[in-house]
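Engineer: Heads up, the numbering used here is the position in the sequence shown plus 632, with the first residue counted as 1. Even glycine gets a Cβ: it sits at the ideal position worked out from N, Cα and C. Here the structure is a predicted model, which is why all the values come from computation and not from measurement. Structure in structure tokens, see below.
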Amino acid sequence: VSTQSTWAYKGSVPIERIQNIVRSNYEQLYFDVVGTRHNSWREFIEFFTGYFCLIQVDNKWRIRLKTHENWEAGDKEQKKASRESDSKLASVLETFLRSRDGLCCTVDDFVAHPECKDSSGPVLRGDLVRFVKRHSDKFSYEKEGFRILLVTNPNPESTSPTNSDPAS
633 VSTQSTWAYK GSVPIERIQN IVRSNYEQLY FDVVGTRHNS WREFIEFFTG
683 YFCLIQVDNK WRIRLKTHEN WEAGDKEQKK ASRESDSKLA SVLETFLRSR
733 DGLCCTVDDF VAHPECKDSS GPVLRGDLVR FVKRHSDKFS YEKEGFRILL
783 VTNPNPESTS PTNSDPAS
């Protein structure tokens with residue numbers, strides 16, 4: 633859990649990320665020790681306050697290691713790197729979609745694309761769908777068919793007659 637890839641910026645991370653790492657790497661141990669009750673993961677983390685701190689950032693629960701005392705600076709670095717990574721991924725996805733008939737592709741088509749990656753490596757399907765939904769000004773997602781489409785007219789109202797020059 634305390635690997636460089638998990639805490640690359642020595643800041644805080646979403647509590648779910650650590651939960652997913654522990655649950656996938658130590659599945660049986662997780663279920664034996666943490667259990668499946670509502671809030672059992674949070675209770676487990678709160679029991680180990682000598683190692684972890686639970687904090688709220690932007691109304692979301694995050695966790696940090698106690699040894700990362702300058703975590704706020706780490707969070708700023710992570711946000712900057714994330715913005716840069718998002719910008720690059722958006723550019724790659726837009727270029728990919730422009731090369732496709734219909735300006736669309738399936739999620740799996742893009743996930744298989746060699747440049748489909750972010751700062752932490754290859755982008756997973758669920759992360760890509762969330763990314764597309766966050767960038768609805770450029771892309772749209774169709775759940776049926778798991779398709780990503782390039783938005784070519786993000787503001788159709790600007791060309792409608794009702795938005796014409798009011799003096800005319």
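Between the region 646-665 and the region 673-680, do three or more beta carbon pairs fall short of 8 angstroms?
Structural biologist: yes
Engineer: Can at least three beta-carbon pairs, one atom from the region 761-774 and one from the region 718-734, be found at a separation below 8 angstroms?
Structural biologist: yes
Engineer: CA-CA distance, residue 682 and residue 746?
Structural biologist: Here the question's residue 682 lines up with position 50 in the sequence shown. Here the question's residue 746 lines up with position 114 in the sequence shown. Distance between the alpha carbons of residue 682 and residue 746: 42 angstroms.
Engineer: Nearest-angstrom Cα distance between residue 791 and residue 710?
Structural biologist: On the sequence shown, position 159 is the one that residue 791 refers to. On the sequence shown, position 78 is the one that residue 710 refers to. Only weak support is given to the placement of residue 791: the predicted model assigns it a pLDDT of 40, under 50, and the value that follows is read from those uncertain coordinates. Residue 791 and residue 710 have their alpha carbons spaced roughly 39 angstroms apart.
Engineer: Tell me, please, which residues DSSP counts as bridged to residue 773.
Structural biologist: The residue you call residue 773 lines up with position 141 of the sequence shown. 780.
Engineer: I'd like to check one pair, residue 679 with residue 695: are the Cβ atoms closer than 7 angstroms?
Structural biologist: Working through the sequence shown from its first residue, we reach residue 695 at position 63. Working through the sequence shown from its first residue, we reach residue 679 at position 47. No, the Cβ-Cβ distance between residue 695 and residue 679 is not below 7 angstroms.
Engineer: Tell me the residue span of the alpha helix (DSSP H) that contains residue 727.
Structural biologist: In the sequence shown, residue 727 corresponds to position 95, counting from 1. It spans 703-730 - the alpha helix (DSSP H) in which residue 727 sits, taken as one unbroken run.
Engineer: In angstroms, rounded to a whole number, what distance separates the CA positions of residue 669 and residue 658?
Structural biologist: Sequence index remark: in the sequence shown, residue 669 carries index 37 (1-based). Sequence index remark: in the sequence shown, residue 658 carries index 26 (1-based). Taking the straight line joining both Cα atoms gives about 17 angstroms.
Engineer: Helix, strand or coil: how does DSSP classify residue 763 here?
Structural biologist: Taking the sequence shown and counting its residues from 1, one reaches residue 763 at position 131. Residue state, collapsed to three classes: helix.
Engineer: For residue 782, tell me which candidate among 736, 722 and 663 has the shortest Cα-Cα distance.
Structural biologist: For this step, residue 782 is matched to residue 150 along the sequence shown. The residue with the shortest Cα to Cα distance from residue 782 is 736.
Engineer: Going along the chain, which residues of its own chain have a beta-carbon closer than 7 angstroms to the beta-carbon of residue 749, five neighbours each way excluded?
Structural biologist: The residue given as residue 749 occupies position 117 in the sequence shown. Shown here for residue 749: same chain residues with a beta carbon closer than 7 angstroms to its own, the five before and five after excluded, namely 755 in chain order.
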